[in-house]
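**Q**
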Amino acid sequence: MQFNEKRMLDRLMEMIRIDSPSFEEKPMTDYLEKYFKDRGFEVYRDNAGEKFGSTGGNILVHIPGTMEGEAVCFNAHQDTVEPGRGIEPVYENGVLTSKGDTILGADDKSGIAMLMELLDVLQENKIPHREMYYLFTICEEQGMHGAKNFDISKLPCRNLYALDGTGMVGGISTSSPSKYGIKAVFKGKAAHAGIEPQNGVNAVCMAARAISLVKFGRIDHETTSNVGRVEGGGMTNVVPDEAFFTAEVRSHSEEKLQHQLDLIQAACKQAAEEFGGQADVQLSHDYPSAKPDPESFLYKLNLHAIQAEGIEPRYMISGGGGDSNIFSGKGFNCGGITTGMFDVHGVNENLRMDVFQTAFNVVFRMMTENID
Numbered sequence: 025m026q027f028n029e030k031r032m033l034d035r036l037m038e039m040i041r042i043d044s045p046s047f048e049e050k051p052m053t054d055y056l057e058k059y060f061k062d063r064g065f066e067v068y069r070d071n072a073g074e075k076f077g078s079t080g081g082n083i084l085v086h087i088p089g090t091m092e093g094e095a096v097c098f099n100a101h102q103d104t105v106e107p108g109r110g111i112e113p114v115y116e117n118g119v120l121t122s123k124g125d126t127i128l129g130a131d132d133k134s135g136i137a138m139l140m141e142l143l144d145v146l147q148e149n150k151i152p153h154r155e156m157y158y159l160f161t162i163c164e165e166q167g168m169h170g171a172k173n174f175d176i177s178k179l180p181c182r183n184l185y186a187l188d189g190t191g192m193v194g195g196i197s198t199s200s201p202s203k204y205g206i207k208a209v210f211k212g213k214a215a216h217a218g219i220e221p222q223n224g225v226n227a228v229c230m231a232a233r234a235i236s237l238v239k240f241g242r243i244d245h246e247t248t249s250n251v252g253r254v255e256g257g258g259m260t261n262v263v264p265d266e267a268f269f270t271a272e273v274r275s276h277s278e279e280k281l282q283h284q285l286d287l288i289q290a291a292c293k294q295a296a297e298e299f300g301g302q303a304d305v306q307l308s309h310d311y312p313s314a315k316p317d318p319e320s321f322l323y324k325l326n327l328h329a330i331q332a333e334g335i336e337p338r339y340m341i342s343g344g345g346g347d348s349n350i351f352s353g354k355g356f357n358c359g360g361i362t363t364g365m366f367d368v369h370g371v372n373e374n375l376r377m378d379v380f381q382t383a384f385n386v387v388f389r390m391m392t393e394n395i396d
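In the numbering used here, the protein residues as written are 25 to 396.
And the structure:
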């Protein structure tokens with residue numbers, strides 16, 4: 025099914041020019057609420073952002089079905105990463121980019137634009153479709169806070185399909201990992217570094233020692249870990265009395281994930297004891313693992329739509345996480361698809377229209393076709 029490229033691109037570029045970095049999504053939330061209300065749809069806007077410091081809110085749109093079949097909620101997120109202010113999109117030779125000094129924001133406004141265009145095509149051509157919900161979340165890029173704080177009682181169906189992937193169409197995730205965040209804070213003792221360093225306890229060295237005791241990176245085919253930030257101290261003539269590092273662990277195995285967390289906590293304790301300081305390790309369960317059920321309606325519908333487009337499915341274990349992890353942990357059947365975006369989260373981010381068209385066709389089939 026061909027979409028109206030000019031209309032879709034005009035709308036997408038309009039949304040891209042709306043600044044909506046995580047925690048500052050209000051202009052985008054306002055835009056979406058008005059867009060769907062003006063078209064006569066039932067729109068629910070929540071105040072989830074007030075719970076974690078965002079200016080925006082989740083938007084849920086109900087689209088009554090005109091055919092039999094299970095309802096599906098299609099999901100995309102409103103927020104973008106930095107540098108994501110004053111974005112100027114450029115379209116050339118079938119590829120959408122930014123001018124080069126910001127991200128593009130196709131992650132995930134291309135998903136929103138695809139859902140809008142799909143709805144236009146369905147209505148213009150009077151094509152029967154299943155009952156649908158559109159859920160546009162906030163703060164996906166910063167801990168999936170919008171999804172975590174969404175009232176799921178507002179969403180009657182339990183099939184959620186995210187338009188928030190990268191790369192070529194055809195990838196089907198068989199598993200995505202559980203993730204823990206870590207903040208390890210070290211307390212030492214300040215002293216003059218030139219006169220009496222022996223009377224101080226260097227918290228920076230304590231943190232460095234703890235990090236050196238643990239392997240980070242690729243642990244095995246199911247598990248990864250990473251130190252993302254190390255900070256502490258100030259002037260070179262003062263033994264620093266406080267430092268911290270932040271890290272994460274992801275794994276498809278809860279047992280392996282817990283083992284890595286135990287190693288990191290033990291390393292921090294050992295470093296503190298060696299230096300005569302203190303260590304406080306704080307853990308946060310950022311999101312649970314998601315393992316789609318191959319026997320579920322959504323999984324089979326997704327597979328049917330991909331194969332009907334003549335695409336050979338690529339089954340893969342994902343290393344990332346998103347809103348689907350949160351909703352999977354709340355009992356939803358979840359899946360997702362790329363929108364044709366590449367090199368996301370950087371100034372080279374781009375959206376390929378040929379891949380976008382293929383993804384559009386797959387989602388169109390999911391909206392309009394049933395499986396035996």
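Beta carbons: idealized from backbone N, C-alpha and C, even for Gly.
(1) Please report how far the alpha carbon of ILE335 lies from the alpha carbon of VAL193, in whole angstroms.
(2) Helix, strand or coil for PHE98, going by three-state DSSP, please let me know.
(3) Which class does ALA314 belong to by DSSP, given the choice of helix, strand or coil?
(4) Report yes if the C-beta distance between ALA227 and GLU266 is below 8 Å; otherwise report no.
(5) Cutting at 7 Å between CB atoms, please list the residues of its own chain near LYS293, excluding the five before and the five after it.
(6) How about ASP103 and GLU57: are their beta carbons less than 8 Å apart?
(7) Just to check, is the beta-carbon of ILE83 closer than 7 Å to a non-hydrogen atom of the ligand ZN?
(8) List the whole-angstrom C-beta distance separating ASN82 from PHE27, where the pair is believed to meet the contact cut-off of C-beta under 8 Å.
(9) Assuming CYS358 and PHE351 form a contact by the criterion Cβ under 8 Å, report the distance between their Cβ atoms to the nearest whole angstrom.
(10) Determine, using beta carbons only, whether PHE321 comes closer than 8 Å to chain C.
(11) Measuring CA to CA, which of PRO316, ALA271 and CYS229 is closest to ALA296?
(12) For GLY110, which residues from the same chain have a beta carbon less than 8 Å from its beta carbon, with the 5 sequence-adjacent residues on both sides left out?
(13) Identify the continuous beta strand (DSSP E) that holds MET192 and give its terminal residues.
(14) Please name the residue in MET91, LYS280, GLU164 and LYS123 whose C-alpha comes closest to that of THR392.
(15) Give the straight-line distance between the Cα atoms of GLY256 and GLU246, rounded to the nearest whole angstrom.
(16) Report the rounded CA-to-CA distance for HIS309 versus VAL96, giving the unit in angstroms.
(17) Along the alpha helix (DSSP H) that carries VAL379, what are the first and last residues, could you check?
(18) Is the distance from the Cβ of PHE53 to the Cβ of ARG63 below 8 Å?
(19) Return the first residue and the last residue of the alpha helix (DSSP H) that HIS283 is part of.
(20) CB-CB under 7 Å to ALA217, same chain, minus the five flanking residues each way: which ones, in chain order?
(21) Would you mind giving the Cβ-Cβ distance between PHE388 and MET25, rounded to the nearest angstrom? I have them listed as a contact below 8 Å.
(22) Once DSSP output is grouped into helix, strand and coil, what is the label at ASP304?
(23) Going by the beta-carbon positions, is the gap between ARG154 and GLY89 smaller than 8 Å?
(24) Count the other CB atoms within 10 Å of the CB of LYS123; is the residue buried (16 or more) or exposed (fewer)?
(25) Whole angstroms are fine: how far does the CA of ARG242 sit from the CA of ASN374?
(26) Please list, in chain order, all residues of the same chain as PRO221 whose beta carbon is under 7 Å from its beta carbon, the five residues on each side excluded.
(27) So which of VAL371, LEU143 and ALA271 has the shortest CA-CA distance to LEU120?
(28) Within the continuous beta strand (DSSP E) that includes ASP244, where are the two ends?
(29) Rounded to a whole number of angstroms, what is the C-alpha to C-alpha distance between LEU33 and PHE299?
(30) Can you give me the Cβ contacts of ASP378 inside the same chain, cut-off strictly under 7 Å, excluding the 5 residues immediately before and after it?
(31) In whole angstroms, what is the alpha-carbon distance linking LEU327 and ILE235?
(32) State the Cα-Cα distance for the pair ARG182 and ASN99, rounded to the nearest angstrom.
(33) If LEU36 sits next to SER134, beta carbons under 8 Å apart, how far is it from one beta carbon to the other, in whole angstroms?
(34) What residues match up with PRO201 in a beta bridge as DSSP calls it?
(35) Give the straight-line distance between the Cα atoms of SER199 and GLU279, rounded to the nearest whole angstrom.
(36) Which of the three DSSP states is assigned to SER122 in this structure?
**A** From the atom records:
(1) 8 Å
(2) PHE98 falls in the strand class under three-state DSSP.
(3) Strand at ALA314.
(4) yes
(5) Short of 7 Å from the beta carbon of LYS293, and not among the five residues preceding or following it, lie these beta carbons of its own chain, in chain order: ALA303.
(6) no
(7) What this structure holds is no ligand at all, so the ligand ZN is not there to describe.
(8) Not a contact, Cβ separation roughly 26 Å.
(9) 6 Å
(10) The chain labelled as chain C is not found in the depicted structure, where only one protein chain is given.
(11) The candidate whose alpha carbon is nearest that of ALA296 is CYS229.
(12) ASP43 and THR126
(13) Here MET192 belongs to no beta strand (DSSP E), and DSSP marks it neither H nor E.
(14) MET91
(15) 32 Å
(16) 28 Å
(17) Residue range 377-392 is occupied by the alpha helix (DSSP H) that includes VAL379.
(18) In the sequence as presented, Phe is not what sits at residue 53; that position holds Thr. Cβ atoms of THR53 and ARG63: not closer than 8 Å.
(19) Judged by DSSP secondary structure, HIS283 falls within the alpha helix (DSSP H) whose first and last residues are 278-299.
(20) Cβ within range, chain order: THR260, ASN261, VAL262 and VAL263.
(21) 5 Å
(22) Strand.
(23) Between ARG154 and GLY89, the CB-CB gap stays under 8 Å.
(24) exposed
(25) 28 Å
(26) Excluding sequence neighbours, PRO221 sits near ALA215 and VAL263.
(27) VAL371
(28) 241-244
(29) 59 Å
(30) Only GLY118 meet the Cβ criterion.
(31) Computed Cα separation, rounded: 43 Å.
(32) Separation of ARG182 and ASN99 (C-alpha to C-alpha, rounded to the nearest whole angstrom) is 12 Å.
(33) 6 Å
(34) PRO201 is not bridged to any residue.
(35) Approximately 16 Å between the Cα atoms of the pair.
(36) strand
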